[in-house]
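Step one of this worksheet: look at the structure below.
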Amino acid sequence: MSRIGKKPIPITSGIKVNVANGEVSIEGEKGKLTFGLPARISCEVRDAQVFLKSPLQSRLDKSLYGLARSLLANMIKGVSEGYVRELEIQGVGFRASVSGNTLILILGFSHPVNFPIPADIKIETPKPTQIIVRGIDKQRVGEVAAQIRRIYPPEPYKGKGIRYSGEIVRRKVGKAAAK
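In the working numbering, the protein residues as written are 77 to 255.
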């Protein structure tokens, strides 16, 4: 048995879970998400909890059982609380701003970088050197944050670039001057 898969998922108040034709739709105060269950896994809702069932015959069944449970738990948390990923910008003159549905990054290139904000994601810049990515889908929030970071990842010599909040960048010593 998958230790993760057999745990029931508690449904908090204000969240509706519907299961029909192998599709699980979860609706909460922040929005609605749907998930297609893997072929041999079934789902049922009872006593304000979601239970998954699987025949658990092959290794694939066992791994998909735990995966489906984790994804459903993440969806329930997403529609109730949402997910947040913070990024920091370090570098002289580096800054970010939001204009409409575009994130404008000034990162020392010869031109500003325009990053289109996806419809299901909200991006805020409370400070010019801070970017906050919010959304209900954990995977999409992480993916968009990674795409923004990829534009100018932190470099090891001066530490300039875009990094996750709290990320520790390993620094390197530059070349020593010849004597």
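We put the beta carbon where it would ideally sit given N, CA and C, even for glycine. All values derive from a computational prediction rather than experimental measurement.
Alpha carbon to alpha carbon, how far is residue j from residue i? Give it in angstroms, no decimals.
i	j	result
L163	I238	7 Å
K214	N150	7 Å
A96	L143	19 Å
E193	Q133	What sits at residue 193 in the sequence shown is Ile, not Glu. Roughly 43 Å between the two C-alpha positions.
I117	P229	40 Å
G169	G184	7 Å
I87	S173	37 Å
G167	P204	11 Å
I212	L109	8 Å
I197	G107	12 Å
L136	G98	18 Å
S89	V126	13 Å
Return the residue from the list the options that minimises the CA-CA distance to residue i.
i	options	result
K129	S241, G81, D196 and A222	G81
R226	R216, E99, Y240 and S118	Y240
I152	L140, F111, P131 and I182	F111
V93	P202, I244, C119 and R161	C119
A115	K251, L140 and I208	L140
Using the beta-carbon count (16 or more within 10 Å), is residue i buried or exposed?
i	result
G104	buried
V249	exposed
Y233	exposed
Helix, strand or coil for residue i per DSSP?
i	result
G167	coil
K82	coil
V249	coil
R116	coil
G242	coil
When DSSP builds the beta bridges, which residues end up paired with residue i?
i	result
A175	The displayed chain sequence assigns Ser, not Ala, to residue 175. In DSSP, S175 forms a bridge with T178.
A96	E99
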